[in-house]
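Structure first, commentary second.
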Amino acid sequence: MKYYSTNKQTAPASLEEAVVKGLAGDKGLYMPERIVPIAPEVIADLKNRSFHEIACIVARAFFGEDIEPDTLDQIVKDTLSFETPVVSVTEKIYSLELFHGPTLAFKDVGGRFMARLLGYFIRKQGLKQVNVLVATSGDTGSAVANGFLGVEGIHVYVLYPKGKVSPIQECQFTTLGQNITALEIDGTFDDCQRLVKAAFMDEELNRHMMLTSANSINVARFLPQSFYYFNAYAQLDRIGKAQDLVVCVPSGNFGNITAGLFAHRMGLPIKRFIAANNRNDVFLEYLSTGVYTPRPSVATIANAMDVGDPSNFARILDLYGADQETHQRITALISGYRFTDEEIAATIKRVYEKENYLLDPHGACGYQALENSLQEGEVGVFLETAHPAKFKDTVDQILGADIEIPGKLQAFMKGEKQSLSLDKDFQSFKLYLLTK
Ligand SMILES: *Cc1c(COP(=O)(O)O)cnc(C)c1O
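Read in our numbering, the sequence shown has 87 at position 87, and its numbers run on one by one without any break.
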């Protein structure tokens, strides 16, 4: 299968090229040339299948032309060593818990899949070492670092802003060692992102080493996220709740919801989608006005969604035609909600006290959007994107409690922090990389 760029100013790429390069040469995002439908009888039978089997069916639709079935099944198996259960919060609202992986957030799925796929291409082609650069404000760095940990032929550099990442988040990528290097940058998240972008553009550096990115612009990270939409449907179908299904996705860069829109395009019977946002609401504004105006992000307590210019917006436009009818097609399928920090806090408290379910600040946006919008006869499922303990300080303060930290997270906290401090200017970063 070929992958074309959303900007259409460059030749289509092979899967391998798209994964290794990340972003297309014309700065567009790669899209698969075809979206292979899953037959209705296969979808009706998903309820009789395991998560692994379901993921293999979806993975073959995307990657079956490029990777032989046994290898692909093995990559899927190695990726999904954990479940994504659907849990009832109320009679009509279900939580798709995506936090049972190693770093307790949904990004584990894409991070692990991409690491294994890239590892496979490196072995097959005998490539020299590939270096992954990733800027993080917390969650992405841990999922990518843990996904790539120990994968031969790949070295990961995680850039994070000094003093702006919580200790719980920091320990998940600074204590790993092996092929993971944590770089503590004396600056903000935006500085980290700027350094990474400058490195990709620097010719001398690119001659010196092979560089790639691992955020949701990479097809190998975002497409596998469609696996759990099919799995959620199967679980709800099993209990007779899959009719008139509304899926709500707490969104930042919109990679997660785009994977859901791909699942829908493949034939998964989802009635409609909701994008739940915090105060960073450019997408909501696009829905209501048809005009997209990117702007700097504002800080909120659901900080993994603090994005002012969602990178996957280009994919959504492309998926729905990029023409005059696009806005109409998008608003017919997707609606939006935005929540302030106060509203998020109130939801966490109320749902904990009333339904005995502990939401994290991102999932709280998803839950609340469903509660506000579900119509008679609809069933809603929201993506619970992270374990609440990842945001322990915030959640504790809201509930006046001391929530439990899962064993997996405690294990990271016992490790020894290893990181290298760097200036925020590009020259020091470049000089450092040139020694590698
Ligand atoms: C990354 C992240 C999001 C946003 O996902 P996108 O794919 O960027 O829209 C939401 N919640 C959590 C906990 C995250 O880590």
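Note that beta-carbon positions come from the ideal geometry of N, C-alpha and C, so glycine has one too. Bear in mind that the values here come from a model prediction, so they are computed numbers and not experimental data.
Buried versus exposed call for residue i [16 or more other C-beta atoms within 10 Å across all chains shown]
i: Asp402; result: exposed
i: Asn356; result: exposed
i: Gln129; result: exposed
i: Arg315; result: buried
i: Val379; result: buried
i: Gln172; result: buried
i: Ala143; result: buried
i: Glu404; result: exposed
i: Gly225; result: Contrary to the premise, residue 225 reads as Gln rather than Gly in this sequence. Gln225 should be labelled buried.
i: Ser81; result: exposed
i: Met266; result: buried
i: Asp191; result: buried
i: Ile334; result: buried
i: Leu420; result: exposed
i: Ile239; result: exposed
i: Pro37; result: exposed
i: Asp393; result: exposed
i: Glu91; result: exposed
i: Pro102; result: buried
CB of residue i within 8 angstroms of CB of residue j, strictly
i: Leu359; j: Thr347; result: yes
i: Pro85; j: Glu97; result: yes
i: Phe113; j: Ile168; result: no
i: Ala199; j: Leu205; result: yes
i: Ala327; j: Gly290; result: Looking at the sequence itself, residue 327 is His, so the reference to Ala does not match. A contact, by the Cβ cut-off of 8 angstroms.
i: Val134; j: Asn179; result: no
i: Arg295; j: Val282; result: yes
i: Ala411; j: His362; result: no
i: Phe230; j: Ile54; result: yes
i: Tyr160; j: Thr136; result: yes
i: Asn372; j: Tyr337; result: yes
i: Asp70; j: Lys107; result: no
i: Leu15; j: Asp73; result: no
i: Tyr292; j: Phe262; result: no
i: Asn218; j: Gly22; result: yes
i: Ser251; j: Ala276; result: yes
i: Lys77; j: His52; result: yes
i: Met201; j: Asn131; result: no
i: Ala386; j: Leu176; result: no
i: Thr174; j: Val20; result: no
i: Leu434; j: Cys248; result: no
i: Leu183; j: Tyr157; result: yes
i: Phe382; j: Ser95; result: yes
i: Asp186; j: Lys424; result: yes
i: Asn278; j: Ile344; result: yes
i: Ile43; j: Leu268; result: yes
i: Asp237; j: Ile301; result: no
i: Val109; j: Tyr228; result: yes
i: Phe339; j: Gln368; result: yes
Chain D within 8 angstroms of residue i, Cβ atoms only
i: Met305; result: Chain labels in this structure do not include chain D; a single protein chain is all it has.
Start-to-end residues for the beta strand (DSSP E) that takes in residue i
i: Phe254; result: No beta strand (DSSP E) holds Phe254; DSSP gives it neither H nor E.
i: Thr6; result: It is not in any beta strand (DSSP E) - Thr6 carries neither H nor E in the DSSP assignment.
i: Gly25; result: Premise fails: Gly25 is in no beta strand (DSSP E) and is neither H nor E.
i: Phe382; result: 379-384
i: Ser419; result: It is not in any beta strand (DSSP E) - Ser419 carries neither H nor E in the DSSP assignment.
i: Glu184; result: 180-185
i: Gly336; result: 334-338
i: Glu97; result: 93-97
i: Ser88; result: 86-88
i: Ala275; result: 272-277
Where the alpha helix (DSSP H) containing residue i begins and where it ends
i: Asn206; result: 203-208
i: Asn372; result: 361-373
i: Leu159; result: It is not in any alpha helix (DSSP H) - Leu159 instead sits in the beta strand (DSSP E) that spans 154-161.
i: Pro32; result: No alpha helix (DSSP H) contains Pro32, which is instead part of the beta strand (DSSP E) from 30-32.
i: Val132; result: Here Val132 belongs to no alpha helix (DSSP H); instead the beta strand (DSSP E) covers 130-135.
i: Arg123; result: 107-125
i: Arg315; result: 313-319
i: Phe51; result: 51-63
i: Val219; result: 219-222
i: Gly147; result: 139-148
i: Lys349; result: 341-355
i: Thr71; result: 69-79
i: Asp393; result: 392-399
i: Ile43; result: 40-44
i: Pro167; result: 167-174
i: Asp237; result: 227-238
i: Val455; result: As displayed, the chain neither begins before 1 nor continues past 436, which places residue 455 out of reach and without an answer.
i: Lys430; result: 426-434
Closer than 8 angstroms is the cut-off here; do at least three beta carbon pairs connect the region 147-163 with the region 242-250? no
Inter-stretch contact (C-beta, 8 angstroms, three-pair minimum) for the region 31-40 and the region 1-18: By the criterion of at least three beta-carbon pairs nearer than 8 angstroms, the region 31-40 is in contact with the region 1-18.
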